[in-house]
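Only one structure is covered here, and it is reproduced in the block below.
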């Protein structure tokens, strides 16, 4: 470890931690911002290419949007941290062939309070007729870019 690096700078980040930090920076932005702005908000220690990779991955997950600004892009958050977590959960579920078993095991592993919250949220949803039902939720954009 060099003299300039603190103990936190050498630790390995958790899965999705950088994505969450980038999203938090974009949510605090005054409007669309470039990757350099994001890099500076994250402390300026990450390589520019790392920030661009994270932004591009977030765009593929529909968590951020970008618009052309000259020869580069400006980025904006399209989802908050909870939205990104929901997208990750949806991807895991979509990758499994037995959705019913996965959902059943997920629900049985919830705490009583979380199960009650989930039941309340489901009760508050508008009910669809059986022929309108599908796995596609209108609130979650499918991640077709990675399929």
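Residue numbers (the working numbering): 134 to 280.
Backbone N, C-alpha and C define an ideal beta-carbon position, used for all residues, glycine too.
Considering only their Cβ atoms, is the gap separating residue 216 from residue 196 smaller than 8 Å?
yes
Burial state of residue 228, where buried means 16 or more other Cβ atoms lie within 10 Å
exposed
What is the rounded straight-line gap between the Cα of residue 138 and the Cα of residue 152?
Because the pLDDT of residue 138 is 47, which lies under 50, any placement of that residue in the model is unreliable, and the number read from its coordinates should be weighed accordingly. Cα to Cα, residue 138 sits roughly 22 Å from residue 152.
Please work out which residues of its chain come closer than 8 Å, Cβ to Cβ, to residue 277, disregarding the five sequence neighbours upstream and downstream, and give them in chain order.
Since pLDDT at residue 277 reaches only 36, below the 50 mark, its modelled position is unreliable, and no value is offered.
Examine the Cβ distances between the segment 201 to 210 and the segment 150 to 166 and report whether three or more of them are shorter than 8 Å.
yes
Given residue 187 as reference, the closest of 258, 203, 178, 149 once Cα atoms are compared
149
Unbroken beta strand (DSSP E) run spanning residue 199, endpoints
197 to 202
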